[in-house]
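> Respectively, the protein sequence lines represent chains A and B.
According to my numbering, the residues represented by the first sequence are 36 to 179, in order.
According to my numbering, the residues represented by the second sequence are 2 to 94, in order.
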Amino acid sequence: MSLLREEAVLLDAEVSDAVEAILLSGDLLVKAGYASEEYTYAMIEGFQNVGPYIVIAPGIAIPHSRPERGAIATGFSLLRLKKPIEFGHEKNDPVNLVCAITGIGNNGHVEMLQKIATVLGDQRTHEQILKASNYTELSKIITI
Amino acid sequence: MYILSVCGMGFGTSLMLLMDIQAMAKEHGYTVDGEASDLGSAKGKNCSFMVASSEIASELSGESVPVISIDNLLDKNEIKEKVLPIIEKLSKE
Chain A
36 MSLLREEAVL
46 LDAEVSDAVE
56 AILLSGDLLV
66 KAGYASEEYT
76 YAMIEGFQNV
86 GPYIVIAPGI
96 AIPHSRPERG
106 AIATGFSLLR
116 LKKPIEFGHE
126 KNDPVNLVCA
136 ITGIGNNGHV
146 EMLQKIATVL
156 GDQRTHEQIL
166 KASNYTELSK
176 IITI
Chain B
2 MYILSVCGMG
12 FGTSLMLLMD
22 IQAMAKEHGY
32 TVDGEASDLG
42 SAKGKNCSFM
52 VASSEIASEL
62 SGESVPVISI
72 DNLLDKNEIK
82 EKVLPIIEKL
92 SKE
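As structure tokens, this is what we get:
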């Protein structure tokens, strides 16, 4: 079974800034049962405190927070932005994909991160995700 | 050799980076010890070198050890090209 749940996916969302994008990606985690609302605020707090380093690769942001800040299960959400948004990263802006990540236990989130990294680290996969027209197509691309 | 991988919170991307580096080093016959750290606690810590995303690395410019800056944390080639030479150099010392 894919870890990518339909409730955790939103395609071509229109947002006005990075915080709104993180907020939406967190809402998806809540809908999919991966986290409580507290987790969303913890992700925003993290972004505001330590900045845009969550943009780990060109076009890709991975908001996350500590498991004890409201994570319920290990998972991730996928938010595709209609118009790319500046997160303030010198090299990797603008962002078109926001993948919020949750994990439980000491290493759950890192396992999740590594899985996501394998998928998104492939340039071709990234392009396919940008072109996919619905969840069914996405679930064939993201098979973790 | 002991390395410090640094990210904003010290438990997500830094851990991922550390594991990537350890796996890459192992492939080339080196053993690298290290820990993941958040930016605040990384400053002034004793280690052979630090590695961080470019955003974080610019905050570590005052360190006495080398700081390696990675732009794309998902690009294993960039990590290898930047980190392997310093591992090789330190292993000879």
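Think of the CB as a built atom: it goes at the ideal place given N, C-alpha and C, for glycine as much as any other residue.
Determine, using beta carbons only, whether Cys-8(B) comes closer than 8 Å to chain A.
Along the second sequence, read from residue 1 onward, the residue named residue 8(B) stands at position 7. Cys-8(B) counts as touching chain A.
> Counting only the same chain and skipping the five closest in sequence on each side, list residues whose C-beta sits under 6 Å from that of Glu-121(A).
One-based indexing of the first sequence puts residue 121(A) at position 86. Answer for Glu-121(A): Asp-128 and Pro-129, listed in chain order.
> Going by DSSP in three states, Thr-137(A) sits in which element: helix, strand or coil?
Looking up residue 137(A) in the first sequence gives position 102. Strand, per DSSP.
> Quick check: what's the CA-CA separation for Lys-90(B) versus Leu-116(A)?
For this step, residue 90(B) is matched to residue 89 along the second sequence. For this step, residue 116(A) is matched to residue 81 along the first sequence. Spanning the two alpha carbons is a distance of roughly 43 Å.
> Using a beta-carbon distance below 8 Å, is Asp-76(B) in contact with chain A?
As a working mapping, residue 76(B) is identified with position 75 in the second sequence. Yes, because at least one Cβ of chain A sits closer than 8 Å to the Cβ of Asp-76(B).
> Please list, in chain order, all residues of the same chain as Arg-104(A) whose beta carbon is under 8 Å from its beta carbon, the five residues on each side excluded.
Here residue 104(A) corresponds to residue number 69 of the first sequence, with the count starting at 1. Cβ within range, chain order: Glu-73, Tyr-74 and Ala-77.
> Under 7 Å between beta-carbons, which chain A residues line up against Ile-57(B)? List them in chain order, please.
If you number the second sequence from 1, residue 57(B) lands on position 56. Under the 7 Å cutoff, chain A gives Tyr-88.
> What residues in the stretch 130-155 of chain A have a beta carbon less than 7 Å from any beta carbon of chain B?
So the close ones are His-144, Val-145, Leu-148, Gln-149, Ala-152 and Leu-155.
> Compare the C-beta of Met-17(B) with all C-beta atoms of chain A and state if any pair is closer than 8 Å.
As a first step, residue 17(B) must be located in the second sequence, where it is residue number 16. Chain A, which has a Cβ nearer than 8 Å to the Cβ of Met-17(B), makes this yes.
> Per DSSP, what kind of secondary structure is Pro-87(A) in: helix, strand or coil?
The residue you call residue 87(A) lines up with position 52 of the first sequence. In the structure shown, Pro-87(A) sits in a helix (DSSP, three-state: H, G or I).
> Taking 8 Å as the cut-off, decide whether the C-beta atoms of Leu-61(B) and Met-51(B) are in contact.
By 1-based counting over the second sequence, the position of residue 61(B) is 60. By 1-based counting over the second sequence, the position of residue 51(B) is 50. Against a cut-off of 8 Å, the Cβ pair of Met-51(B) and Leu-61(B) comes out as a contact.
> Identify, in the order they occur along the chain, each residue of the same chain with its Cβ nearer than 8 Å to the Cβ of Ala-53(A), setting aside the five sequence neighbours on each side.
What you label residue 53(A) is simply residue 18 of the first sequence in a count that begins at 1. Same-chain partners within the cutoff: Phe-82, Pro-87, Ala-96, Ile-120, Glu-121, Phe-122, Gly-123 and Val-130.
> Between Ser-100(A), Leu-64(A) and Ile-89(A), which has its C-alpha nearest Asn-73(B)'s C-alpha?
Residue 73(B) sits at position 72 when you count from the first residue of the second sequence. Checking every option, the nearest Cα to that of Asn-73(B) belongs to Ile-89(A).
> Quick check: is the beta carbon of Arg-159(A) nearer than 8 Å to any beta carbon in chain B?
Working through the first sequence from its first residue, we reach residue 159(A) at position 124. Closer than 8 Å: no.
> Would Ile-57(B) pass as a contact of Gly-11(B) if the rule is Cβ separation under 8 Å?
Residue mapping note: residue 57(B) aligns to position 56 of the second sequence, counting from 1. Residue mapping note: residue 11(B) aligns to position 10 of the second sequence, counting from 1. No, the Cβ-Cβ distance between Ile-57(B) and Gly-11(B) is not below 8 Å.
> Name the chain B residues whose beta carbon is nearer than 8 Å to that of Asn-169(A)?
Here residue 169(A) refers to the residue found at position 134 of the first sequence. Simply none; closest approach about 25 Å.
> Within 10 angstroms of its Cβ, does Met-36(A) collect 16 or more other Cβ (buried), or is it exposed?
Counted from its first residue, the first sequence places residue 36(A) at position 1. Bear in mind that the predicted position of Met-36(A) carries a pLDDT of just 49, short of 50, making it unreliable; the figure below should be weighed with that in mind. Label assigned to Met-36(A): exposed.
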